[in-house]
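Counting from 1, one number per residue, gives the positions in the sequence shown under the UniProt record's numbering.
Working notes, structure below.
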Amino acid sequence: MTKDMKQAALDYHAQPKPGKIEVVPTKPCDTQYDLSLAYSPGVAEPVREIAKDPDAVYRYTNKGNLVAVISNGTAILGLGNRGPLAAKPVLEGKAVLFKRFANIDVFDIEIEAPNRDAFIETVVHIAPTFGGINLEDIAAPDCFVIEETLRARLDIPVFHDDQHGTAVIICAGLLNALEIQGKSLPAARIVLLGAGAAGLATLNLLLTLGAKRDHVLVLDSKGVIHAGRPDLNIYKRRYAAATDKRTLAEAMEGADVFVGVSAADQVTPEMLRTMADRPIVFALANPDPEIRPELARTARTDLIMATGRSDYPNQVNNVLGFPYIFRGVLDVHAGSINRAILIAAVHALAKLAHAPVPQEVLRAYKLEHLEFGSDYIIPKPLDPRLIEVVPPACARAAIDTGVARAPYPAHYPALPV
């Protein structure tokens, strides 16, 4: 960022009032009668109803449209462990995105916990307030244990966006890129650089969608994750390959797909030249990708490329996923976000990219034309159709898998017979 842009960002967050969110009443509170309904004595009536029937909380309070975005600040963006207070601007930003794209209300909660177990207990104790929990900016491997434990203990959706939100968007884009390149996921040889939250969640989802385990090589900062390494945690050990390849350059030879969720400038043009015909390169490190598109195209003219940046085509952006996934599961009072719901979101996003792009999207991005192809494999974040297709797909999956506690919403498109 330039000096001017850095100052503009600080001013944006500080003026005219600090922060990016506020709480606004949804009911009139102008008269004595309004006050008697909003608080004492009127508030006693919904209290009695909820005491008799806990599900009535969805009818009389905002629980069904309220998500907690929670962090301990141990992995803030690409800035590392800066603590819970430093995570607050990010969590407020996440709240803005939830509201802007899916009209979901958010309380951001930054937890100063001395250890993982204390963090888990804190979340468990405050969970009754919310219809869902979005975990954010929590370092691996604690993020895996925290999410797994909370999912087991709570009866509301728990979703670590750094894992599953990223995975959903990557998989949607990758399915389309493979289609364009004339390849299939089961046959594709995949290199995954980055064995943290995003990388391992993406691998899990790719395997569910049909990728073959023996066609995947995973790398961390020490190289290929192979069966002979003694330094692997339990999450990495699951994907240790029986291979004599040790470096990224060796892993890239003959690969159809590269997915990077690591750090800048890890990939060279020489590595791309050794990949298979019609390769796919997802260089998703932010703000600087593993290899820049302009450099990548000096090595390969037959590639499809995606990054995490908005100034290049094919931006892998989590805002395509988390607001709409939560919208769908909240609207059917789902008890969890399961694998079927994630897969439904993947296919909904992939399918939408095939549809003609409306003029309002072209205007928003100052484009004259956009159609499914190598520079358009996933929808644009400002596409208004996202709210029309992703939540219904997720709601359907929740109902079909038995985790929904409310019927399919009447205002959604009709369920297929």
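The beta-carbon is built from N, C-alpha and C at its ideal position, and this holds for glycine as well.
- The way I'd put it, the region 81–96 doesn't touch the region 290–304; fewer than three beta-carbon pairs between them come closer than 8 Å.
- In the structure shown, the three-state DSSP call for Asp-375 is coil.
- Proximity of the region 152–159 to the region 116–135 meets the contact definition, three or more beta-carbon pairs being nearer than 8 Å.
- Between the alpha carbons of Leu-35 and Thr-129 lies a distance of about 23 Å.
- The three-state reading of DSSP puts Asn-176 in helix, counting H, G and I together.
- Exclusion of the five residues before and after Ile-378 leaves Ile-169, Ala-172, Gly-173, Asn-176, Ala-306, Asn-314, Gln-315, Val-316, Leu-320, Leu-349, Ala-350 and Ala-353 as the residues of its chain whose Cβ lies within less than 8 Å of its Cβ.
- Residue state for Leu-205 is assigned as helix, using DSSP reduced to three classes.
- Annotation: His-347 is outside any beta strand (DSSP E); the continuous alpha helix (DSSP H) that includes it extends over 339–352.
- Here Val-67 carries a strand assignment [DSSP, helix/strand/coil].
- Per DSSP, reduced to three states, the secondary structure at Glu-92 is helical.
- Taken atom to atom, the span from the alpha-carbon of Ile-399 to that of Val-332 is near 8 Å.
- Cα atoms of Ala-406 and His-226: separation of roughly 46 Å, rounded to the nearest angstrom.
- Excluding residues up to 5 positions away in sequence, Pro-186 lie with their Cβ nearer than 6 Å to the Cβ of Lys-212 in the same chain.
- As for any beta strand (DSSP E) of minimum length 3 sitting wholly inside the region 255–311, the runs are 257–260, 280–283 and 304–307, ordered along the chain.
- In this structure, DSSP gives Asp-383 a state outside helix and strand, which the three-state scheme calls coil.
- With a beta-carbon spacing of about 7 Å, Ile-341 and Val-329 fall inside the 8 Å limit used to define contacts.
- The region 264–283 makes contact with the region 234–253; the number of CB pairs closer than 8 Å reaches 3 or more.
- Between the beta-carbon of Ile-111 and that of Thr-122 there is about 5 Å, and that keeps the pair under the 8 Å contact cut.
- One thing to note: Val-257 has its Cβ no nearer than 7 Å to the Cβ of Leu-284.
- The DSSP-derived three-state label of Leu-200 is helix.
- Bounds of the beta strand (DSSP E) holding Leu-219 are 216–220.
- Sequence-distant partners of Gly-73 (beyond 5 residues in either direction) whose C-beta falls short of 8 Å from its own C-beta, in its chain, are Asn-81, Arg-82, Gly-83, Pro-84, Leu-85, Ala-86, Ala-87, Glu-110 and Asp-137.
- For Leu-192, there is no enclosing alpha helix (DSSP H); the residue is part of the beta strand (DSSP E) that begins and ends at 190–193.
- Within the DSSP bridge table, the entry for Asp-105 names Leu-66 as partners.
- Closest in alpha carbon position to Ala-152, among Ala-140, Ile-120 and Gly-165, is Ile-120.
- Close CB contacts of Ala-38 within its chain, under the 6 Å cut and outside five residues either way in sequence, are with Cys-29 (chain order).
- Look at Gln-15 here: in three-state DSSP terms it is coil, with no helix or strand label.
- The DSSP-derived three-state label of Gln-181 is coil.
- Rounded to whole angstroms, the gap between the alpha carbons of Ala-188 and Ala-113 is 42 Å.
- By the 16-neighbour rule on beta-carbons within 10 angstroms, Tyr-376 is buried.
- Excluding sequence positions up to five before and after Ala-201, its CB lies within less than 6 Å of the CB of Gln-163, His-164 and Ala-167, all in the same chain and listed in chain order.
- Here the alpha carbons of Ala-410 and Leu-217 stand approximately 45 Å from one another.
- By the neighbour-count definition (other C-beta atoms within 10 Å, threshold 16), Asp-214 is an exposed residue.
- In this structure, the CA atom of Ala-414 is about 39 Å from the CA atom of Pro-279.
- Out of Ser-310, Ile-291, Arg-327 and Ala-263, the CA that lies nearest to the CA of Leu-79 is found in Ala-263.
- With a 10 Å radius around the Cβ and a threshold of 16 neighbouring Cβ atoms, Arg-100 comes out exposed.
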